[in-house]
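Enquirer:
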Amino acid sequence: MTEDVDPPRELSPESARKALNMERLTIQYLTSTEEKANVIMQTLKKYSDSELNAVTHFYRQRVEEAIEEFVECVAYVLLKDNLLSTREYKRVGHLADSQQKNKACKYLLGIVTSVIGRAQRTLWETLVKMKENKPKVERILREIQEKGPSLPRVVQCCGKMEPLSDRLRDIQHHHKEFLCSQNEKMSVNTIRGQEKTKIFLLSDRYTELTVTSCPRDLRLVEHELVARGRDHEESQERNVRKELEKMRPDELFRSSFERSRSGTTILSGIAGIGKTTMVQNIVYRWATGKIYPQFHFVFHFKFRDLNLIKGETSLKTMVMDSYPYLQDVLEEIWEKPEYLLFVFDGLDEFKDRIEFTDSELNPDPGLSCPGPESHCPVADIVRSLVQQEVLKGCSVLITSRPTALESLYHTNINLWAEIQGFFAEGKEDYIRRFFADEKIAAEVLRYVKENDILYTMCFNPSYCWILCCTLEPIFKHPEHRQPPPKTITQLYANYIYNILKNHPRASDSPREVMLRAGEMAYEGVCNMTIVFNDDHLHHHQLKPSTFISGFMMEILEKDDGGRRVVYTFPHLTVQEFVAALAQYLTPARRNLLELLDQVHTQNDGRFEIFLRFVVGLSSPHTARQLEEILGPLPHKSVCEAIDWLKLNVEARIRQAVGEGGKRKLLNMLYYLFESQNHRLAQITVGAVEKLDFSHFTLNPLDCAVLSHVFQLCDTIGNLNLNDCKIRVEGIQRLVPSLHKCKHLRLWGNNLGDSGVEHLSVALRNPQCKIQSLGVASNLLTANCTEDLVSTLNTNCSLMELNLSDNDLGDSGVKRLCEAVRNPECKIQSLWLSYNSLTADCTEDLASALSTNYSLMELNLSNNDLGDSGVKRLCEALRNPECKIQRLW
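Residue numbers for the sequence shown follow UniProt numbering, so the first one is 1 and each next one is one higher.
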């Protein structure tokens, strides 16, 4: 496959060009003469055609997922070997180009598996050669190597389940019907007054979430939504490059060759990311026979319900309370624990700490719960199941927020998985499912995509729901449309306003009720409490009867599906917004400056979003709608919030040293963005001489916030973004504001030629103020110089340009000289060191030096100009018209 060949004659010129590109790309993928590859290849050769066919069918679904990133290359190999027709190859390419690579994979595997023989062998040989840096392919091939010649026989035995007795089969059928009825529907509260709750079929509303088997740092102490907002774009980029290995929910307990992978799986995810809904979907799909046929019985518990158990209990009692019809068969069910799955949802909501132990360091911790009928605390029952002390061989699934997982580090976990939320396809799918009107869905999607802040946060399903609820009335009734929200605070202010406006209000003052709910919410933020009960409500003079009707039933959701009624805010951020709003509603004057100072010193991140909301509510535009119903927010409190922000932004700019200092400054700029205070941005950020984020990683969302803040200013003095890893995704978001900078440093950001294309937009802005620009070490080639020439011919401000340590080459510099020769060019200092230059470019350089009237400094160090090149340059320097004062 490494020799050059002509593309098949049947292809059109355009298709032939694409085929040649595919040839080059395919050659890059083909790797292997390594010993391990040869071992796998020899194993595959030993299988007969019929045996290989059985293996291919067995792995078909996993292969479809594994080749998604390079399906066209696999198809091209098959085309070259005449195992795929031109029409079939074009079909694969069309699907892949249409962002339907999963369909392209299914189509291709359908062709390959339809006939026993050479196509299947070529497929496997290609996978062996292309396996490097493809974890899913490597995992499949590793299994094949481990099983060796016995694999076809093992494959034939797979899926054979031990049958249930007639008695248990009837009970299992009843159990599945019960779980179906419990989980087939989902209720969603609305903000539309008379229609308080909508019921949907789970299958109609459920949007698949992205799950990975490589979770981020579980010891994260920052606010979870902030942390996910920061790294979600990076995860999405890794997903696009297929470095991030995705899992389907039905893979959490799947083992290729065994009935089940017994043991414990931890499914983590931040608040609102969809853990409970995913568990509901898993239980429902098991009950309908779609997944996990290896489990005879699934038992589902919520930790918030287990909190209500007083004293000791037994596993049998726990099961009986939820599934009383199992009473007569439980002992028989316990006999084969390897066929049982226990699901525990919401460890972070459990009131007690579970003390897990390291089974390797402490192999005999003593049985605190000897059997399923033994009475002991709930914590011990869960621990005994997880550590296989009771019902050894059973499987356990636990969901939790990452911040509550520390105790599990000390026990043996089979799989750590994390719900990442929605990537681009999931966000779009969710929004399209939410709106019945396709036109409105398209308009909302377009608006959200144009707002980086709102769009990035849409990875979180709860946040996405709040966003859709808020935007629905705005886009549904354009005749009296209010401006759509720009900031997170504006979004939540609109959300609460719509609830207040569209629901009949109770006899109590809305301001008073909101204040009480906000005080309870703030207490919850302080104590990291997200589940409330009647005791909490009574403590804050909130009557449970209030939730029978009125707006509070939307702000606090009532959950009476367990043993006791509990209340939660629709999302943690709603709780934090209501808590922030309460700081402005209290009749007893408090010093908001002192409160903000106090919570800002907490380093565990719990007040991060709360602070954004408090500062954001200081904006008159943001608070205006809420004031229609709740009354005016005290002017003094507003002033205190602004004063606090001003003092802290100025302090953080002065102290922006090291990663910690720059992180704190970035947080302050997030607050400043939420405030939408043009004057404050100008006198803080716009007035400083230098803003330095060098050597501090900025993700695309950070870049978007920086850009929005800079747009509030008239001028940015010296902006240093050297080595911030912003790449093209970051520069895209910064472009709308970069023209306001006087001195801009962008060294070492891997911008590439496409990054320069975006940067040129800022340089061509008629109001561009950039005087010096550094884009050294950015993987630039000659391809970017066309944009640079066009820019330098029109830009009137740029005087210093550093292009060092790139790969412009002679052709790139020759093109640059066109701009330098232009009389309108204002460049005084040009740096071209380390650019692979030779004597071939010096004739153009000499011509440019002889005609340019502004260039005074030229750096050509560390190139290979040779003696002839230097001579040419010296001739130009002797020209009386040459203005060069320094030449390296």
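For glycine and all other residues, C-beta sits at the position ideal for the given N, C-alpha and C.
Where do the ends of the alpha helix (DSSP H) carrying V813 lie?
Expert: Indexing the sequence shown from 1 puts residue 813 at position 813. Its alpha helix (DSSP H) spans residues G809 to R821.
Enquirer: Sort V74, N82, S772 and G117 by Cα distance to V92 and report the nearest one.
Expert: Reading the sequence shown from its first residue, position 92 is the one you call residue 92. Looking only at V74, N82, S772 and G117, the smallest Cα-Cα distance to V92 is reached by V74.
Enquirer: Please state the DSSP three-state secondary structure of H571.
Expert: Along the sequence shown, read from residue 1 onward, the residue named residue 571 stands at position 571. Coil at H571, not helix or strand.
Enquirer: Looking at C724: is its Cβ nearer than 7 Å to the Cβ of I770?
Expert: For this step, residue 724 is matched to residue 724 along the sequence shown. For this step, residue 770 is matched to residue 770 along the sequence shown. Not closer than 7 Å, so no.
Enquirer: Are at least three pairs of beta-carbons, each pair with one atom in the region 293–300 and one in the region 429–441, less than 8 Å apart?
Expert: Judged by Cβ distances under 8 Å, the region 293–300 makes no contact with the region 429–441, as fewer than three pairs qualify.
Enquirer: Going by the C-beta, is P135 closer than 6 Å to any heavy atom of the ligand NAD?
Expert: With respect to the ligand NAD, the structure offers nothing, as it holds no ligand at all.
Enquirer: Out of R590, F532 and L645, which one is the CA nearest neighbour of E349?
Expert: Residue mapping note: residue 349 aligns to position 349 of the sequence shown, counting from 1. The shortest C-alpha separation from E349 is found at F532.
Enquirer: In this structure, how does DSSP classify I716 when only helix, strand and coil are distinguished?
Expert: By 1-based counting over the sequence shown, the position of residue 716 is 716. In this structure, I716 counts as strand in the three-state DSSP scheme.
Enquirer: Rounded to the nearest angstrom, what separates R764 and S847 at their Cα positions?
Expert: What you label residue 764 is simply residue 764 of the sequence shown in a count that begins at 1. What you label residue 847 is simply residue 847 of the sequence shown in a count that begins at 1. Rounded to whole angstroms, R764 to S847 spans 26 Å at the Cα level.
Enquirer: May I have the straight-line CA-CA distance separating C639 from E251, to the nearest angstrom?
Expert: For the purposes of this step, residue 639 is taken as residue 639 along the sequence shown, with counting starting at 1. For the purposes of this step, residue 251 is taken as residue 251 along the sequence shown, with counting starting at 1. The straight-line gap from Cα to Cα measures roughly 54 Å.
Enquirer: Among T113, R205, V870 and L537, which one has its Cα closest to the Cα of S50?
Expert: Counting from 1 along the sequence shown, the entry for residue 50 is found at position 50. Answer by Cα proximity: T113.
Enquirer: Tell me, please, whether the region 313–321 touches the region 490–500 by the rule of three or more beta-carbon pairs shorter than 8 Å.
Expert: no
Enquirer: For Q145, name the three-state secondary structure that DSSP assigns.
Expert: The count along the sequence shown starts at 1 and reaches residue 145 at position 145. In the structure shown, Q145 falls within a helical segment according to DSSP collapsed to helix, strand and coil.
Enquirer: Suppose the cutoff is 6 Å on Cβ atoms and the five residues either side in sequence are ignored; what does the same chain contact list for L109 look like?
Expert: Translated into positions along the sequence shown, residue 109 becomes position 109. For L109, where only same-chain residues beyond five positions count, the Cβ hits under 6 Å are R60 and E64.
Enquirer: Could you give the distance in angstroms between the alpha-carbon of K80 and the alpha-carbon of S777?
Expert: Translated into the one-based positions of the sequence shown, residue 80 becomes position 80. Translated into the one-based positions of the sequence shown, residue 777 becomes position 777. Taking the straight line joining both Cα atoms gives about 40 Å.
Enquirer: I think C825 touches N852, with their Cβ atoms under 8 Å apart; what is that distance to the nearest whole Å?
Expert: Locating residue 825 in the sequence shown gives position 825, counting from the first residue. Locating residue 852 in the sequence shown gives position 852, counting from the first residue. That pair is a contact at about 7 Å.
Enquirer: So for R304, helix, strand or coil by DSSP?
Expert: Working through the sequence shown from its first residue, we reach residue 304 at position 304. Of the three classes helix, strand and coil, the one that applies to R304 here is helix, per DSSP.
Enquirer: Using only CA atoms, which one of A54, L593 and N793 lies nearest to L611?
Expert: For the purposes of this step, residue 611 is taken as the residue at position 611 of the sequence shown. Nearest of A54, L593 and N793 to L611, Cα basis: L593.
Enquirer: Any contact of the region 596–608 with the region 618–636, i.e. 3+ C-beta pairs under 8 Å?
Expert: no
Enquirer: Report the residue from D535, E729 and V128 whose alpha carbon sits nearest the alpha carbon of V39.
Expert: On the sequence shown, residue 39 is found 39 positions in, with the first residue counted as 1. Out of D535, E729 and V128, V128 has the C-alpha closest to the C-alpha of V39.
Enquirer: Taking the runs of the beta strand (DSSP E) that are 3 residues or longer, which of them lie wholly in the region 333–363?
Expert: 340–345
Enquirer: Need the endpoints of the beta strand (DSSP E) that N802 sits in, please.
Expert: As a first step, residue 802 must be located in the sequence shown, where it is residue number 802. It spans E800 to N802 - the beta strand (DSSP E) in which N802 sits, taken as one unbroken run.
Enquirer: Which stretch, first to last residue, makes up the beta strand (DSSP E) that contains G774?
Expert: As a working note, residue 774 is residue 774 in the sequence shown. Looking at the DSSP string, the run of the beta strand (DSSP E) that includes G774 is S772 to G774.
Enquirer: Apart from the five residues on each side of it in sequence, which residues of its chain come closer than 7 Å, Cβ to Cβ, to R511?
Expert: Within the sequence shown, residue 511 is the residue found at index 511, counting from 1. Result list for R511: L585, L630 and G631, in chain order.
Enquirer: Leaving out the 5 sequence neighbours to the left and right, which residues in its chain are closer than 6 Å to F577 when beta-carbon positions are compared?
Expert: Counting from one through the sequence shown, the residue named residue 577 turns up at place 577. Contacts found: Y492 and F613.
Enquirer: Of the residues Y463, G774, S833 and I453, which one's Cα is nearest the Cα of C703?
Expert: Residue 703 sits at position 703 when you count from the first residue of the sequence shown. Considering only alpha carbons, the answer is I453.
Enquirer: What's the C-alpha gap between residue 912 and H678?
Expert: This structure cannot settle anything about residue 912, because the visible part of the chain is limited to 1 through 888.
Enquirer: Does DSSP put L858 in a helix, a strand or coil?
Expert: Taking the sequence shown and counting its residues from 1, the one referred to as residue 858 is at position 858. It is a strand residue.
Enquirer: Please confirm whether R62 and I140 have their CB atoms less than 7 Å apart.
Expert: Here residue 62 refers to the residue found at position 62 when the sequence shown is read from its first residue. Here residue 140 refers to the residue found at position 140 when the sequence shown is read from its first residue. Cβ atoms of R62 and I140: closer than 7 Å.
Enquirer: Taking the beta strand (DSSP E) that S264 belongs to, which residues open and close that run?
Expert: On the sequence shown, position 264 is the one that residue 264 refers to. Before going further, note that residue 264 is Thr rather than Ser in the sequence given. Note, T264: beta strand (DSSP E), G263 to S268.
Enquirer: Cutting at 7 Å between CB atoms, please list the residues of its own chain near C768, excluding the five before and the five after it.
Expert: Numbered from 1 along the sequence shown, position 768 holds the residue referred to as residue 768. If we look at C768 and ignore the five residues flanking it on each side, its Cβ neighbours are H739, A762, N795 and S797.
Enquirer: For N82, tell me which candidate among L95, K103, L123 and T43 has the shortest Cα-Cα distance.
Expert: Reading the sequence shown from its first residue, position 82 is the one you call residue 82. The candidate whose alpha carbon is nearest that of N82 is L123.
Enquirer: Can you check whether the CB of I171 is closer than 7 Å to the CB of V382?
Expert: To locate residue 382, count along the sequence shown from 1; it is residue 382. To locate residue 171, count along the sequence shown from 1; it is residue 171. In terms of Cβ geometry, V382 and I171 do not form a close pair [threshold 7 Å].
Enquirer: Might you give, ordered along the chain, the residues of its own chain that have their beta carbon closer than 8 Å to the beta carbon of H174, omitting 5 neighbours on each side?
Expert: In the sequence shown, the residue the question calls residue 174 occupies position 174. Answer for H174: Y325, listed in chain order.
Enquirer: What are the partner residues of G421, as DSSP defines its beta bridges?
Expert: The sequence position of residue 421 within the sequence shown is 421, counting from 1. Partner(s): T210.
Enquirer: Check for me: the alpha helix (DSSP H) holding R663 runs from which residue to which?
Expert: Here residue 663 corresponds to residue number 663 of the sequence shown, with the count starting at 1. G658 to S675 is the span of the alpha helix (DSSP H), which, as asked, contains R663.
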